[in-house]
Amino acid sequence: GAVVSQHPSWVICKSGTSVKIECRSLDFQATTMFWYRQFPKQSLMLMATSNEGSKATYEQGVEKDKFLINHASLTLSTLTVTSAHPEDSSFYICSANRAGYALGANVLTFGAGSRLTVL
Amino acid sequence: DAKTTQPTSMDCAEGRAANLPCNHSTISGNEYVYWYRQIHSQGPQYIIHGLKNNETNEMASLIITEDRKSSTLILPHATLRDTAVYYCIVRVNQAGTALIFGKGTTLSVSS
Numbered sequence: 044g045a046v047v048s049q050h051p052s053w054v055i056c057k058s059g060t061s062v063k064i065e066c067r068s069l070d071f072q073a074t075t076m077f078w079y080r081q082f083p084k085q086s087l088m089l090m091a092t093s094n095e096g097s098k099a100t101y102e103q104g105v106e107k108d109k110f111l112i113n114h115a116s117l118t119l120s121t122l123t124v125t126s127a128h129p130e131d132s133s134f135y136i137c138s139a140n141r142a143g144y145a146l147g148a149n150v151l152t153f154g155a156g157s158r159l160t161v162l
Numbered sequence: 002d003a004k005t006t007q008p009t010s011m012d013c014a015e016g017r018a019a020n021l022p023c024n025h026s027t028i029s030g031n032e033y034v035y036w037y038r039q040i041h042s043q044g045p046q047y048i049i050h051g052l053k054n055n056e057t058n059e060m061a062s063l064i065i066t067e068d069r070k071s072s073t074l075i076l077p078h079a080t081l082r083d084t085a086v087y088y089c090i091v092r093v094n095q096a097g098t099a100l101i102f103g104k105g106t107t108l109s110v111s112s
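So, in structure tokens, the structure goes:
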């Protein structure tokens with residue numbers, strides 16, 4: 044159980060275009076999902092917290108108008124990189140935990156990641 | 002800033018136990034110790050977590066010192082597939098709380 048799926052797993056786009064990445068919890072509902080970014084040879088950096096039915100909370104230094112997050116349902120959050128540039132090329136990873144507070148329910152499950160290359 | 006300190010890298014022979022240390026001297030009473038690993042170009046994988054008691058599952062064992070200021074992740078019989086970056090993270094066990102990753106330990110298992 045607790046599977047998180049990301050799509051696409053990799054994408055190449057031209058500079059100036061927008062790219063949407065989907066994150067789905069396949070067998071559980073997630074009121075909260077998290078988006079991370081990882082550059083080569085670096086650790087994961089939290090970008091934003093996505094809350095179902097409300098606005099996302101962005102970490103300091105992350106442009107909310109550039110990285111649009113929508114969490115329209117309990118099983119889907121999307122990250123749209125708008126007007127992508129080569130410096131946005133990175134590995135984007137989402138994670139989610141089950142709704143509820145039971146001890147075992149608060150383990151975050153991660154997607155396999157989406158590798159974005161902007162030409 | 003990361004709230005944990007881990008060695009940058011470690012080596013382990015295949016079939017031997019891998020013991021990965023983590024210091025978390027400023028851990029709060031309501032924070033758990035979580036361990037995740039990331040194999041190259043994949044998303045992080047949950048391994049184990051605990052509060053103060055030692056824990057064991059099918060993947061690993063977690064030993065937490067009595068004062069909770071440090072812990073050790075033990076992979077009892079390391080295989081080549083255990084080569085990965087291992088992250089030790091302290092976090093309150095509460096829904097809606099993110100994991101903040103440090104630099105982790107790169108474990109290299111060789112034959």
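Sequence order for the protein chains is A and B. In this note's numbering, each residue carries its 1-based index in the first sequence increased by 43. In this note's numbering, each residue carries its 1-based index in the second sequence increased by 1. All C-beta atoms in this analysis are idealised placements derived from N, C-alpha and C, irrespective of residue type, glycine included.
Give a yes or no on whether 7 Å exceeds the smallest Cβ distance from residue i to chain A.
{"i": "residue 94 of chain B", "result": "yes"}
{"i": "residue 44 of chain B", "result": "yes"}
{"i": "residue 99 of chain B", "result": "yes"}
{"i": "residue 104 of chain B", "result": "yes"}
Bridge partners of residue i, per DSSP?
{"i": "residue 86 of chain B", "result": "B:39 and B:107"}
{"i": "residue 68 of chain A", "result": "A:47"}
{"i": "residue 10 of chain B", "result": "B:107"}
{"i": "residue 113 of chain A", "result": "A:121"}
Rounded to whole angstroms, what's the CA-CA distance from residue i to residue j? Just pull it up for me.
{"i": "residue 107 of chain B", "j": "residue 139 of chain A", "result": "25 Å"}
{"i": "residue 103 of chain B", "j": "residue 89 of chain A", "result": "11 Å"}
{"i": "residue 13 of chain B", "j": "residue 22 of chain B", "result": "14 Å"}
{"i": "residue 100 of chain A", "j": "residue 110 of chain A", "result": "11 Å"}
{"i": "residue 159 of chain A", "j": "residue 67 of chain B", "result": "44 Å"}
{"i": "residue 104 of chain A", "j": "residue 113 of chain A", "result": "19 Å"}
{"i": "residue 69 of chain B", "j": "residue 131 of chain A", "result": "39 Å"}
Ends of the beta strand (DSSP E) at residue i?
{"i": "residue 120 of chain A", "result": "119-124"}
{"i": "residue 51 of chain B", "result": "46-51"}
{"i": "residue 160 of chain A", "result": "157-161"}
{"i": "residue 22 of chain B", "result": "19-24"}
{"i": "residue 55 of chain B", "result": "Neither: residue 55 of chain B is in no beta strand (DSSP E) and is coded neither H nor E."}
{"i": "residue 94 of chain B", "result": "Note, residue 94 of chain B: premise wrong, no beta strand (DSSP E); not H, not E."}
Can you confirm whether residue i, when its beta carbon is compared against all beta carbons of chain B, has any partner nearer than 7 Å?
{"i": "residue 113 of chain A", "result": "no"}
{"i": "residue 153 of chain A", "result": "yes"}
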